[in-house]
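Colleague: Below you'll find the structure I mean.
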Amino acid sequence: MDDYAPSASDQYASDNGFYYAWASTTIGSENLKKIYFKNPDNGGLPDEWKNYADFLQSWEKFPCLISLDDWIGNSDRNPGNIIFINKNRLGIIDHGRLFGVHDWRYEPVDPNNDLWMNQALECFKIFYKPSFPNHIACQPIFNEAIEHSSVFQIHKDMIESQIVDIVKILEPHHTSAETLVSAFINYCLERLKTINIRLRTQLGHLGATV
Numbered sequence: 011m012d013d014y015a016p017s018a019s020d021q022y023a024s025d026n027g028f029y030y031a032w033a034s035t036t037i038g039s040e041n042l043k044k045i046y047f048k049n050p051d052n053g054g055l056p057d058e059w060k061n062y063a064d065f066l067q068s069w070e071k072f073p074c075l076i077s078l079d080d081w082i083g084n085s086d087r088n089p090g091n092i093i094f095i096n097k098n099r100l101g102i103i104d105h106g107r108l109f110g111v112h113d114w115r116y117e118p119v120d121p122n123n124d125l126w127m128n129q130a131l132e133c134f135k136i137f138y139k140p141s142f143p144n145h146i147a148c149q150p151i152f153n154e155a156i157e158h159s160s161v162f163q164i165h166k167d168m169i170e171s172q173i174v175d176i177v178k179i180l181e182p183h184h185t186s187a188e189t190l191v192s193a194f195i196n197y198c199l200e201r202l203k204t205i206n207i208r209l210r211t212q213l214g215h216l217g218a219t220v
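So in our numbering, spot 202 of the sequence shown is number 212, and the numbers just go up one at a time.
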């Protein structure tokens, strides 16, 4: 579920122009947090996004999310697609804007395209501005990047086969499912080859040992 406007009964949100950053009626938890943020396209303030970063920083899997978004080229990480269930349990949803482009169904996909912003990484860097985060703080991100690469290499063939099967079920008349999925797998493989160099560069640790 994406972010959505407050209900008419929520007078505070209505009066102040806020929207719900994380809300769900289907996750099945009573511990969901309702956090107020102004939509960044309509005057959201830096302090509000600092609060967003604070929540993410306290999550033990945040380094994994940062490296994942770099790997898959996700340019659309925002409060609406991270559902906070409790401190160490988050729901990560909505991965439609991938591969560093606005709409990968119609745009060319290039694993070397880095003309997009990793929003999760930017939230991490907020804590250390105007300087770069130290190497100890960055190490878990580098470690997760290595883990992504290792696990994907082991399960690549199974993943590719299962995605092809899904495409054929959803689009039974599709004549090039294997070709499309192969391009997706190739994107993932190529991104993994340079993921640590990219992350070290963006975090100011190009010369660091990983």
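We put the CB at the ideal spot given by N, CA and C, even for glycine. Since we're looking at a predicted model, the values are computed, not measured.
From what residue to what residue does the alpha helix (DSSP H) around residue 103 run?
Modeller: Where residue 103 is concerned, there is no enclosing alpha helix (DSSP H), given that its DSSP letter is neither H nor E.
Colleague: Residue 125 lies in the alpha helix (DSSP H); which residues open and close that run?
Modeller: Careful: residue 125 lies outside any alpha helix (DSSP H) and carries neither H nor E.
Colleague: From residue 200 to residue 131, what does the alpha carbon distance come to, in whole angstroms?
Modeller: Their backbone Cα atoms lie some 20 Å apart in a straight line.
Colleague: Please name the residue, chosen from 86, 186, 213, that lies closest to residue 102 on a Cα-to-Cα basis.
Modeller: Nearest C-alpha to residue 102: 86.
Colleague: From the DSSP secondary-structure annotation, give me the bridge partner or partners of residue 173.
Modeller: BP columns for residue 173 are empty, so no partner.
Colleague: State buried or exposed for residue 2, treating a residue as buried only when at least 16 other CB atoms are found within 10 Å of its CB.
Modeller: The requested residue 2 does not occur in the structure, where the chain is confined to residues 11 to 220.
Colleague: Roughly how many angstroms separate the alpha carbons of residue 69 and residue 122, rounded to a whole number?
Modeller: About 30 Å.
Colleague: At the level of alpha carbons, what is the spacing between residue 145 and residue 120?
Modeller: Straight-line Cα distance between these residues: approximately 29 Å.
Colleague: Output the distance between the C-alpha atoms of residue 107 and residue 113, rounded to the nearest integer angstrom.
Modeller: Those two C-alpha atoms are separated by around 6 Å.
Colleague: Just curious, the alpha helix (DSSP H) that residue 203 is in, first and last residue?
Modeller: That run of the alpha helix (DSSP H) goes 187-203.
Colleague: Given that a residue counts as buried once 16 or more other Cβ atoms are within 10 Å of its Cβ, and exposed if not, what is residue 66?
Modeller: Buried, by the Cβ-count rule.
Colleague: Going straight from the alpha carbon of residue 33 to that of residue 74, what length do you get?
Modeller: Summary for residue 33: the model assigns pLDDT 46, below 50, so the residue's position carries little reliability; its value from the coordinates is reported in the next sentence. Approximately 23 Å between the Cα atoms of the pair.
Colleague: Using only alpha-carbon positions, find the residue among 71, 111, 77, 90 that is nearest to residue 152.
Modeller: When only C-alpha atoms are compared, the closest one is 77.
Colleague: Going by Cα to Cα distance, which pick from 62, 82, 195 is closest to residue 93?
Modeller: That would be 62, whose Cα lies nearest to the Cα of residue 93.
Colleague: If you compare alpha carbons, which of 184, 89, 210 is closest to residue 133?
Modeller: Cα-wise, what sits closest to residue 133 is 89.
Colleague: If we count the other Cβ atoms within 10 Å of its Cβ and call it buried at 16 or more, is residue 38 buried or exposed?
Modeller: Confidence is the limiting factor: at residue 38 the pLDDT is only 48, short of 50, which leaves the residue's position unreliable, though a coordinate-based value still follows. Looking at its Cβ environment, which holds fewer than 16 other Cβ atoms inside 10 Å, residue 38 is exposed.
Colleague: CB residue 128 to CB residue 80, shorter than 7 Å?
Modeller: Yes; because the gap between Cβ atoms is below 7 Å, this pair is in contact.
Colleague: Looking at residue 154: is its Cβ nearer than 7 Å to the Cβ of residue 195?
Modeller: No, the Cβ-Cβ distance between residue 154 and residue 195 is not below 7 Å.
Colleague: Restricting to Cα atoms, I'd like to know which of 211, 214, 202 is closest to residue 83.
Modeller: Residue 202 is the option with its Cα nearest to residue 83.
Colleague: Which residues does DSSP pair with residue 92 in a beta bridge?
Modeller: BP columns for residue 92 point to 102.
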